[in-house]
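Structure first, commentary second.
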Amino acid sequence: MRELNLDLNENDVNAICTALDLLVSLNLEKTEKQSQINAQLAYFASIKLQNNSPQLTANEARIVYAAVSCAKLILAGAYSVETEKKKELAPYIFNYNRLERQLQVLDDMLL
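Be aware that the sequence shown starts at 136, since it is given in our numbering, and climbs by one per residue.
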């Protein structure tokens, strides 16, 4: 299985974990099965990132990319969430802007 390495600082990891938690809580998936898969991927990606082991599988990298993109949309006002959840994302706006570009390149490589 192909793994992807990311060069992240502590603030990046906090930003990603915050976005992953929020993405899972939004329940955007069409099926319960997909919701469970995404929650597991988000969990394992968070654990790896928090343990300074950012070697993500392709699917973990995709869920991280989705979470970061979702966070950017929320902060831009394109997707509505509770004010408290939006406040949790706000300190990381610059991280999300930078990370989304990096993750887009990785996602393109996976296609």
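Here a beta-carbon is modelled for each residue, glycine too, at the ideal position from N, C-alpha and C.
Local conformation of residue i per DSSP, three classes
i	result
Thr192	strand
Tyr214	coil
Glu164	coil
Delimiting residues of the alpha helix (DSSP H) encompassing residue i
i	result
Tyr95	Because the chain in this structure spans residues 136 to 246, residue 95 falls outside the shown range and cannot be described.
Ala150	Glu145 to Leu161
8 Å contact criterion, which residue i and residue j should meet: CB distance rounded
i	j	result
Cys152	Ser181	5 Å
Leu224	Ala154	7 Å
Glu235	Ser204	6 Å
Val199	Leu143	Val199 to Leu143, Cβ: 10 Å. No contact.
Contacts around residue i, its chain only, beta-carbon distance under 7 Å, and the 5 residues preceding and following it disregarded
i	result
Val148	Leu184 and Gln185
Lys220	Leu157
Sequence-distant residues of its chain with Cβ nearer than 6 Å to residue i (five each side left out)
i	result
Ala206	Ala154, Leu224 and Tyr231
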